[in-house]
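Asker:
In my numbering, the protein residues as written are 287 to 646.
(1) So, is residue 487 buried or exposed, given that buried needs 16 or more other C-beta atoms within 10 angstroms?
(2) Only counting the same chain, and skipping five residues up and downstream in sequence, which positions put a Cβ closer than 6 angstroms to that of residue 605?
(3) With DSSP run on the structure shown, which of helix, strand or coil describes residue 434?
(4) Drop a sphere of 10 angstroms on the beta-carbon of residue 631, count the other beta-carbons inside from all chains shown, and report buried for 16 or more, exposed for fewer.
(5) In the structure shown, what three-state DSSP assignment does residue 351 receive?
(6) Might you give, ordered along the chain, the residues of its own chain that have their beta carbon closer than 7 angstroms to the beta carbon of residue 592, omitting 5 neighbours on each side?
(7) Going by other Cβ atoms of all chains shown within 10 Å of its Cβ, with 16 needed for buried, is residue 310 buried or exposed?
(8) Are the CB atoms of residue 363 and residue 340 within a distance shorter than 8 angstroms?
(9) Which runs of the alpha helix (DSSP H) fall wholly inside the segment 566-606 and span at least 4 residues, in chain order?
(10) Is it buried or exposed for residue 349, if we count other Cβ within 10 angstroms and need 16 for buried?
(11) Taking the alpha-carbon of residue 627 as reference, which of 421, 313, 368, 521 has the nearest alpha-carbon?
(12) Expressed to the nearest angstrom, what Euclidean distance is found between the alpha-carbon atoms of residue 466 and residue 532?
(13) Would you say residue 578 and residue 456 are within 8 angstroms of each other, going by their C-beta atoms?
(14) Is the Cβ-Cβ distance between residue 648 and residue 427 less than 8 angstroms?
(15) Quick check on DSSP: helix, strand or coil for residue 481?
(16) Residues bridged to residue 524 by DSSP?
(17) Where does residue 370 fall in DSSP's three states?
(18) Helix or strand or just coil, what does DSSP make of residue 644?
(19) For the beta strand (DSSP E) that residue 543 lies in, which residues bound it at each end?
(20) Pull up the distance between the alpha-carbon of residue 556 and that of residue 576, whole angstroms please.
(21) To the nearest whole angstrom, what separates the beta carbons of residue 540 and residue 453, a pair I think is in contact under 8 angstroms?
(22) What are the boundary residues of the beta strand (DSSP E) that residue 300 is part of?
(23) Just verifying my parser: in three-state terms, what is the DSSP assignment at residue 633?
(24) Of all the alpha helix (DSSP H) runs that stay within the bounds of the segment 351-421, which reach a length of 4 or more residues?
(25) May I have the straight-line CA-CA distance separating residue 460 from residue 481, to the nearest angstrom?
(26) Rounded to whole angstroms, what's the CA-CA distance from residue 330 to residue 300? Just pull it up for me.
(27) In whole angstroms, what separates the C-alpha of residue 629 from that of residue 474?
(28) Hey, which unbroken runs of the alpha helix (DSSP H) at 4 residues or more fall wholly within the segment 442-494?
(29) Determine the contact status of residue 588 and residue 619, defining contact as a CB-CB distance below 8 angstroms.
(30) So if DSSP puts residue 344 in a beta bridge, which residue, or which two residues, is it bridged to?
(31) If you draw a straight line from the C-alpha of residue 251 to the C-alpha of residue 485, how long is it?
(32) Excluding the 5 residues flanking residue 553 on each side, which residues of the same chain have their C-beta closer than 7 angstroms to its C-beta?
(33) If you compare alpha carbons, which of 458, 361, 382, 505 is closest to residue 551?
(34) Could you pull out every residue in the same chain whose Cβ sits closer than 6 angstroms to the Cβ of residue 328, ignoring the five residues on either side in sequence?
(35) Excluding the 5 residues preceding and the 5 following residue 392 in the sequence, name in chain order all residues of the same chain whose CB lies nearer than 7 angstroms to its CB.
(36) Threshold first: 4 residues or longer. Then list the alpha helix (DSSP H) segments lying entirely within the segment 306-344, N to C.
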């Protein structure tokens, strides 16, 4: 948007302290103002909108603020939902409380949705078809630049140049023991294999250290490795990635990825960080929060679903030991990302159209 509208005043609002810290880091020199969102109370929102007098309001995904949206509509300020997605669970909730949610959806001038299934659910909720656009998932376009900037080099990881890396990202309790047992079995067949385990909650590091030791692994903590340069252990089998903000970069080093939160019913996590780095992916059956992305990755051949440790062992062994299989999955990921490479451009064109309609 800054490139397309160099003279525009761009205002970004956030709702959490963590969001503010991240936005301040990422958006410095790009946006004009960075603010906390107003409390969603009519007088507060009215003052907020009155002071800003925006020409266009863009809401990312589906954290709805009813009074804010109503205030924009009353002042005839166009609003755009981007990267909209309606999961099956959310859809059931919207249906039960249609009297509350339908007016919020109808408050938007335009709804940019990720997939055809999202559009179908919107139509079932009574949203006008001419307000809906399927522009794709913005995450397809946002994976690479920051990853490349923060990617660690092998010299700075403690890993041998020949090591083959199995990266298990955003794992949850109930998955790690299976992953460790599979990795131990693979290690007996692939001596240069290293498991990089990145728990969703880094505060579980001591719990995972005890689990690894119980299974006969000697874990190395990434945080300790970074903090103690004079006392670094050799990473032979297991690296616990217990740091914040590094996971995305590590996918560029990986030969194989597993997406956590999917062997247990946690809804899964975003597999696109792996896909944008052309890494073959395994995930469990519980990818409910990323249904459409997971389905596309399975359909193109870039990912495989596993239901058990035994199935995971067989697929991981096959991918890591067969160069043809590994390369085929890499190509599939590359083609998938290329297919969605114009998502941001489509959104910019929609923003231009809305601004033109409003006379801005």
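Beta carbons: idealized from backbone N, C-alpha and C, even for Gly.
Answerer: Well, looking at it:
(1) By one-based count along the chain shown, residue 487 stands at place 201. Exposed, because fewer than 16 other Cβ atoms sit within 10 Å of the Cβ of residue 487.
(2) Mapped onto the chain shown, residue 605 falls at position 319. Result list for residue 605: 542, 566, 611, 612, in chain order.
(3) As a position in the chain shown, residue 434 is number 148, starting the count at 1. Confidence at residue 434 is low in this model, with a pLDDT of 44, below 50, so the placement of that residue should be treated as unreliable; the coordinate-derived value is given next. The answer is helix: DSSP assigns residue 434 an H, G or I state.
(4) By 1-based counting over the chain shown, the position of residue 631 is 345. That one is exposed.
(5) Working through the chain shown from its first residue, we reach residue 351 at position 65. The answer is coil: DSSP assigns residue 351 none of H, G, I, E or B.
(6) For the purposes of this step, residue 592 is taken as residue 306 along the chain shown, with counting starting at 1. So the list reads 568, 570, 598, 601, once near-sequence residues are dropped.
(7) Position 24 of the chain shown, counting from 1, holds the residue named residue 310. So residue 310 ends up on the exposed side.
(8) Mapped onto the chain shown, residue 340 falls at position 54. Mapped onto the chain shown, residue 363 falls at position 77. Yes, these two residues count as a Cβ contact at 8 angstroms.
(9) 577-586
(10) One-based indexing of the chain shown puts residue 349 at position 63. Exposed, since its Cβ has fewer than 16 Cβ neighbours within 10 Å.
(11) Translated into the one-based positions of the chain shown, residue 627 becomes position 341. The residue with the shortest Cα to Cα distance from residue 627 is 421.
(12) Looking up residue 466 in the chain shown gives position 180. Looking up residue 532 in the chain shown gives position 246. Taking the straight line joining both Cα atoms gives about 21 angstroms.
(13) Taking the chain shown and counting its residues from 1, one reaches residue 578 at position 292. Taking the chain shown and counting its residues from 1, one reaches residue 456 at position 170. Taking 8 angstroms as the Cβ cut-off, residue 578 and residue 456 do not qualify as a contacting pair.
(14) A question about residue 648 goes unanswered here, because the residues of the chain that appear run from 287 up to 646.
(15) Locating residue 481 in the chain shown gives position 195, counting from the first residue. Note: residue 481 maps to strand in three-state DSSP.
(16) The count along the chain shown starts at 1 and reaches residue 524 at position 238. 481, 505.
(17) Numbered from 1 along the chain shown, position 84 holds the residue referred to as residue 370. Here residue 370 sits in strand by DSSP.
(18) Start at 1 with the first residue of the chain shown, and residue 644 comes out as number 358. Note: residue 644 maps to coil in three-state DSSP.
(19) As a first step, residue 543 must be located in the chain shown, where it is residue number 257. Segment 542-545, the beta strand (DSSP E) holding residue 543.
(20) Taking the first residue of the chain shown as 1, we reach residue 556 at position 270. Taking the first residue of the chain shown as 1, we reach residue 576 at position 290. If I take the Cα positions, the gap works out to 7 angstroms.
(21) For the purposes of this step, residue 540 is identified with residue 254 of the chain shown, where counting begins at 1. For the purposes of this step, residue 453 is identified with residue 167 of the chain shown, where counting begins at 1. That belief holds up - the Cβ atoms of residue 540 and residue 453 are roughly 4 angstroms apart, short of 8 angstroms.
(22) Within the chain shown, the letter at position 14 stands for residue 300. 297-300 is the span of the beta strand (DSSP E), which, as asked, contains residue 300.
(23) Counting from one through the chain shown, the residue named residue 633 turns up at place 347. In this structure, residue 633 counts as helix in the three-state DSSP scheme.
(24) Qualifying alpha helix (DSSP H) stretches, in chain order: 352-360, 374-382, 384-393, 402-410.
(25) Here residue 460 corresponds to residue number 174 of the chain shown, with the count starting at 1. Here residue 481 corresponds to residue number 195 of the chain shown, with the count starting at 1. Residue 460 and residue 481: Cα-Cα distance of roughly 17 angstroms.
(26) For the purposes of this step, residue 330 is taken as the residue at position 44 of the chain shown. For the purposes of this step, residue 300 is taken as the residue at position 14 of the chain shown. Cα-Cα distance, rounded: 16 angstroms.
(27) Stepping through the chain shown from its first residue, residue 629 is reached at position 343. Stepping through the chain shown from its first residue, residue 474 is reached at position 188. In a straight line, the C-alpha of residue 629 is about 43 angstroms away from that of residue 474.
(28) Listed in chain order, the complete alpha helix (DSSP H) runs (minimum 4 residues) inside the segment 442-494 are 462-475.
(29) Along the chain shown, read from residue 1 onward, the residue named residue 588 stands at position 302. Along the chain shown, read from residue 1 onward, the residue named residue 619 stands at position 333. Yes, Cβ-Cβ distance for residue 588 and residue 619 is below 8 angstroms.
(30) Looking up residue 344 in the chain shown gives position 58. Residue 344 is bridged to 366.
(31) The requested residue 251 is not part of the displayed model; the chain covers only 287 to 646.
(32) In the chain shown, counting from the first residue as 1, residue 553 sits at position 267. So the list reads 547, 572, 574, 575, once near-sequence residues are dropped.
(33) Residue numbering aside, residue 551 sits at position 265 when the chain shown is read from its first letter. Comparing Cα-Cα distances from residue 551 to each of 458, 361, 382, 505, the minimum goes to 458.
(34) Within the chain shown, numbered from 1, the residue matching residue 328 stands at position 42. Cβ neighbours of residue 328 beyond the five flanking positions: 353.
(35) Along the chain shown, read from residue 1 onward, the residue named residue 392 stands at position 106. If we look at residue 392 and ignore the five residues flanking it on each side, its Cβ neighbours are 413.
(36) DSSP runs (the alpha helix (DSSP H)) wholly in the segment 306-344: 328-338.
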